[in-house]
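Chemist:
Protein chains in written order, with our numbering: chain A, 12 to 340; chain B, 12 to 340.
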């Protein structure tokens with residue numbers, strides 16, 4: 012895939028809560044520190060200083076809270092749509108955005124198109140597992156409603172993604188449910204369980220997984236519909252953030268507790284980092300004829316650099332071809 | 012409701028991972044420390060020492076991992092079924108079990124029956140909110156599949172429960188979804204949103220709530236189907252447990268960190284307690300002609316005492332009548 016390695020990563024300079032400042036800074040760091048070629052996309056007057064990076068100019072921006080479908084349809088010269096076109100036209104190996112997730116999906120789907128045979132693209136998100144490579148949760152929110160054949164494809168594609176992204180040889184797949192028994196769950200879950208456990212599904216199915224085992228999961232891939240996956244992921248994030256907030260409030264109680272915290276902090280910092288969604292390098296949209304990385308809306312320059320790196324590495328490793336094979340095997 | 016206050020709480024002595032020891036000990040403490048009359052239910056040879064408490068003898072036990080429907084159907088002289096019959100026959104004001112959740116629901120539903128007009132009973136679980144009274148999550152797992160009219164009744168009943176249990180005057184109700192906009196979510200969520208926002212639903216509807224806001228929620232009641240609710244609740248529990256485990260591992264790194272932890276612990280203990288499901292007093296099955304409290308499977312004596320206290324207080328406060336009114340208003 013030498014041709015892809017020679018192509019830059021297209022970065023939506025206007026996506027995310029801290030755009031364009033942190034986005035451009037992250038792109039610059041990817042270029043300088045990692046040697047990855049980057050091209051920014053956005054309206055020049057809004058992007059401002061590009062820090063010497065190339066800018067593909069466009070005239071529109073889809074806002075974070077804008078209706079995704081309408082935004083993509085109306086704003087054909089928006090940074091998201093143009094970034095997707097750069098990938099489609101073989102002018103970029105991947106696109107990265109921290110912007111409106113729905114609009115990113117819409118732009119990527121409309122401009123790059125689906126891999127042949129894929130029912131619906133889905134979002135694969137890293138699940139933190141301190142001390143080990145992350146697990147993968149799929150679908151993290153692209154499809155609120157799913158069929159069993161969609162879930163089976165999600166499992167197939169997320170397995171290929173786990174191998175390409177984290178080097179897991181034969182990723183174990185868990186199906187998110189409300190009990191380990193195959194008889195538990197919705198009709199959708201029961202039907203999917205039956206298909207996945209058949210070797211012809213082509214995945215290393217390990218059974219149902221419950222919500223309590225998501226964080227630090229023993230499963231390499233956790234499959235669920237986009238509604239449940241989004242709720243579970245946000246519940247995990249919210250619980251972590253809530254507990255961190257309460258802890259820091261305790262740490263700051265008085266001089267004594269602050270001194271004790273100083274002793275613990277060098278040991279707590281790696282734990283906090285391993286649970287930080289920013290360190291994970293973003294989520295990937297699986298099932299498209301091109302690489303699209305969706306970074307957290309609150310992405311810092313570091314998060315963007317990581318996401319750009321992930322996009323570049325996956326593209327040059329031939330993830331799209333791996334996904335094609337996963338679907339057709 | 013003087014008649015109910017005079018009745019004992021029926022306690023399934025054989026339910027839970029630590030039965031009968033912790034269960035009987037918790038019942039004894041409820042009796043001694045709180046002055047609540049208690050009657051144990053179980054096979055005498057398995058229960059053993061009742062610590063002087065009354066025992067209603069039966070011959071069977073439904074195991075924690077037994078098929079709920081089959082267990083309730085076959086084991087008509089099980090501790091769960093007999094406990095439910097004591098409530099039905101006005102010999103107990105409430106039943107409490109830390110056993111097989113599905114079988115507890117089945118026994119309570121079959122023996123007590125539904126409140127007239129209730130489509131399906133549901134599980135209301137406390138959501139920790141340190142520094143404030145807990146929120147209520149409903150349905151926490153009774154119904155994997157729901158209709159909009161079921162969810163609306165859950166909201167109505169959980170609002171009445173929030174008022175009876177925590178004294179919240181006009182509980183705010185949030186609908187669990189994947190975005191705040193009414194247009195987000197599954198068709199079920201969108202339909203429910205439309206009904207709940209109409210004043211005729213009789214609840215204080217405050218809009219959609221996301222998973223990230225479950226813990227420490229600003230909503231007094233969070234409504235969802237039993238599949239999503241169960242996944243979200245277990246994800247929250249698992250995330251808390253995982254992070255606590257990682258923290259304690261850091262705390263024990265060396266002598267220095269252990270000394271620092273000793274300084275922080277008096278301040279951390281109240282936080283941990285406020286997040287502990289054991290302190291919440293268990294979940295309640297809403298929609299039945301009688302009070303049924305489901306305590307955590309891992310319940311200690313303290314958790315059982317709390318659950319017995321909650322069951323007694325709700326029964327004597329007339330929760331069943333409040334639920335009837337919530338449904339018919």
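Positions of the beta carbon are idealized from the N, C-alpha and C atoms, including for glycine. As the structure is a computational prediction, the values presented were derived from the model and not from experiment.
Is it true that the CB of residue 97(A) sits closer than 7 Å to the CB of residue 166(A)?
Modeler: Taking 7 Å as the Cβ cut-off, residue 166(A) and residue 97(A) do not qualify as a contacting pair.
Chemist: Give me the residue from 239(B), 104(B), 306(B) and 18(B) with the minimum Cα distance to residue 156(B).
Modeler: It is 239(B).
Chemist: Counting only beta-carbon atoms, is residue 222(B) nearer than 7 Å to chain A?
Modeler: At least one chain A Cβ lies under 7 Å of residue 222(B).
Chemist: In chain B, which residues lie less than 9 Å from residue 196(A) when you measure between Cβ atoms?
Modeler: Within chain B, the residues near residue 196(A) are 155 and 238.
Chemist: If you draw a straight line from the C-alpha of residue 278(A) to the C-alpha of residue 56(B), how long is it?
Modeler: C-alpha separation (whole angstroms): 51 Å.
Chemist: Could you check whether the Cβ of residue 158(A) sits closer than 7 Å to any Cβ belonging to chain B?
Modeler: By this cut-off, residue 158(A) is not an interface position.
Chemist: For the structure I just gave you, are there three or more beta carbon pairs, one from the region 189-203 of chain A and one from the region 123-130 of chain A, closer than 8 Å?
Modeler: These segments do not touch.
Chemist: CA-CA distance, residue 177(A) and residue 334(A)?
Modeler: Roughly 15 Å between the two C-alpha positions.
Chemist: Any residues in the region 249-270 of chain A with a beta carbon nearer than 8 Å to a beta carbon of chain B? Which ones, in chain order?
Modeler: Hits within the stretch, in order: 249, 250, 251, 252, 253, 254, 257, 258, 261, 262, 264, 267, 268 and 270.
Chemist: What is the DSSP secondary structure of residue 322(A), counted as helix, strand or coil?
Modeler: Residue 322(A) falls in the helix class under three-state DSSP.
Chemist: Inspect the beta-carbon positions of residue 107(B) and residue 318(B) and report whether they are closer than 7 Å.
Modeler: Contact: yes.
Chemist: Measure the Cβ-Cβ separation of residue 145(A) and residue 139(A) and say whether it is below 7 Å.
Modeler: Contact: yes.
Chemist: Using only alpha-carbon positions, find the residue among 164(B), 262(B) and 281(B) that is nearest to residue 273(B).
Modeler: The residue with the shortest Cα to Cα distance from residue 273(B) is 262(B).
Chemist: Strictly under 7 Å for the Cβ-Cβ distance: is residue 189(B) near chain A by that measure?
Modeler: At least one chain A Cβ lies under 7 Å of residue 189(B).
Chemist: Applying the criterion that 16 or more other CB atoms from any shown protein chain within 10 Å of the CB defines a buried residue, is residue 211(B) buried or exposed?
Modeler: Exposed is the call here.
Chemist: Tell me the rounded alpha-carbon separation between residue 13(A) and residue 185(A).
Modeler: For residue 13(A), the predicted model reports a pLDDT of 46, less than 50, meaning its position is unreliable; a value from the coordinates is still stated below. Distance between the alpha carbons of residue 13(A) and residue 185(A): 35 Å.
Chemist: Does the beta-carbon of residue 266(A) have 16 or more other beta-carbons within 10 angstroms, so that it is buried, or is it exposed?
Modeler: Counting Cβ neighbours within 10 Å, residue 266(A) comes out exposed, since fewer than 16 surround it.
Chemist: Going by beta carbon distance, what residues of the same chain come within less than 7 Å of residue 305(A), once the five residues before and after it are set aside?
Modeler: Result list for residue 305(A): 108, 112, 115, 134, 293, 294 and 296, in chain order.
Chemist: Using 7 Å as the threshold, is the C-beta distance between residue 105(A) and residue 302(A) below it?
Modeler: Contact flag set, yes.
Chemist: So, is the C-beta of residue 12(A) closer than 7 Å to a C-beta in chain B?
Modeler: Interpretation of residue 12(A) is limited by its pLDDT of 43, a score under 50 that renders its predicted location unreliable; no figure is taken from the coordinates.
Chemist: Bridge partners for residue 302(B) per DSSP, in chain order?
Modeler: DSSP lists 105(B) as partners of residue 302(B).
Chemist: Starting from the C-beta of residue 68(B), find all residues in its chain whose C-beta is less than 6 Å away, skip the five residues before and the five after it, and write them out in chain order.
Modeler: So the list reads 55, once near-sequence residues are dropped.
Chemist: Return yes when the Cβ of residue 169(A) is within less than 7 Å of the Cβ of residue 200(A), no when it is not.
Modeler: Cβ distance not < 7 Å, so residue 200(A) and residue 169(A) don't count as in contact.
Chemist: Just curious, the beta strand (DSSP E) that residue 66(A) is in, first and last residue?
Modeler: Note, residue 66(A): beta strand (DSSP E), 65-68.
Chemist: Using 7 Å as the threshold, is the C-beta distance between residue 237(A) and residue 128(A) below it?
Modeler: Not in contact: residue 237(A) and residue 128(A) (Cβ atoms no closer than 7 Å).
Chemist: With 7 Å as the threshold, decide whether the Cβ of residue 275(B) is near any Cβ in chain A.
Modeler: Judged by the 7 Å Cβ criterion, residue 275(B) is in contact with chain A.
Chemist: Find the residues of chain A that neighbour residue 135(B), judging by a C-beta separation of less than 8 Å, and give them in chain order.
Modeler: Within 8 Å Cβ-Cβ: nothing; residue 135(B) doesn't reach chain A, min ~16 Å.
Chemist: Nearest to residue 71(A) by alpha carbon, out of 324(A), 65(A), 52(A) and 80(A)?
Modeler: Selected option, being the one with the closest Cα: 52(A).
Chemist: Whose Cβ in chain A lies nearer than 9 Å to the Cβ of residue 212(B)?
Modeler: Per Cβ cutoff of 9 Å: no residues; residue 212(B) is ~22 Å from chain A at best.
Chemist: Just mark residue 291(A) as buried or exposed, buried being the case when its beta carbon has 16 or more other beta carbons within 10 Å.
Modeler: With 16 or more Cβ atoms within 10 Å of its Cβ, residue 291(A) is classed as buried.
Chemist: Taking the runs of the beta strand (DSSP E) that are 3 residues or longer, which of them lie wholly in the region 237-306 of chain A?
Modeler: Qualifying beta strand (DSSP E) stretches, in chain order: 294-297 and 302-305.
Chemist: Give the DSSP-derived three-state secondary structure of residue 89(A) in the structure shown.
Modeler: It is a strand residue.
Chemist: Below 6 Å CB to CB, which residues in the same chain sit around residue 33(B) once its five sequence neighbours on both sides are set aside?
Modeler: Excluding residues within five positions, the ones whose Cβ falls inside 6 Å are 311 and 312.
Chemist: Between which residues of its own chain and residue 285(A) is the CB-CB distance below 7 Å, once the five residues before and five after are set aside?
Modeler: If we look at residue 285(A) and ignore the five residues flanking it on each side, its Cβ neighbours are 139 and 141.
Chemist: Taking residue 118(B) and residue 83(B) to be in contact with their CB atoms under 8 Å, please state how far apart those CB atoms are, rounded to whole angstroms.
Modeler: Yes, residue 118(B) and residue 83(B) are in contact; Cβ-Cβ is about 5 Å, under 8 Å.
Chemist: Quick one, which of 287(A), 223(A) and 225(A) has its alpha-carbon nearest residue 252(A)'s?
Modeler: The shortest C-alpha separation from residue 252(A) is found at 287(A).
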